[in-house]
Amino acid sequence: LLLGELVPTMHGFLAKHLRFHIVGTFIVSLGTATFCNFAIAEPGKKAYAGFYRNYDSMKDFEVKRKAGIFQSAK
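Heads up: take any position in the sequence shown, counting from 1, add 31, and you land on our numbering.
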């Protein structure tokens, strides 16, 4: 019959479809994780490191105490 030539073969279609999409999903997830690491996490780490490099907690405490923020440390 010529009908067999017109109908697409469904044997192995699901496995091929899933294999293609699993590989694609894996690649997209790795790309997203890498982007988040370099675009969000690393700049945040550098900002925190820069802030705490010169941070003096006692000086900050004295400024807040003199401003009257703490009720128990007058």
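Built from N, CA and C at the ideal position, the CB exists for glycine as well.
Coarse secondary structure for Ile53, derived from DSSP in three states: Counted from its first residue, the sequence shown places residue 53 at position 22. In the three-state reduction of the DSSP assignment, Ile53 falls in the helix class.
Through-space distance from Ile71 to Ile53, alpha-carbon basis: For the purposes of this step, residue 53 is taken as the residue at position 22 of the sequence shown. For the purposes of this step, residue 71 is taken as the residue at position 40 of the sequence shown. Taking the straight line from one Cα to the other gives about 26 Å.
So the alpha helix (DSSP H) Ala98 belongs to, where does it begin and stop? Counted from its first residue, the sequence shown places residue 98 at position 67. Start and end: 88-98.
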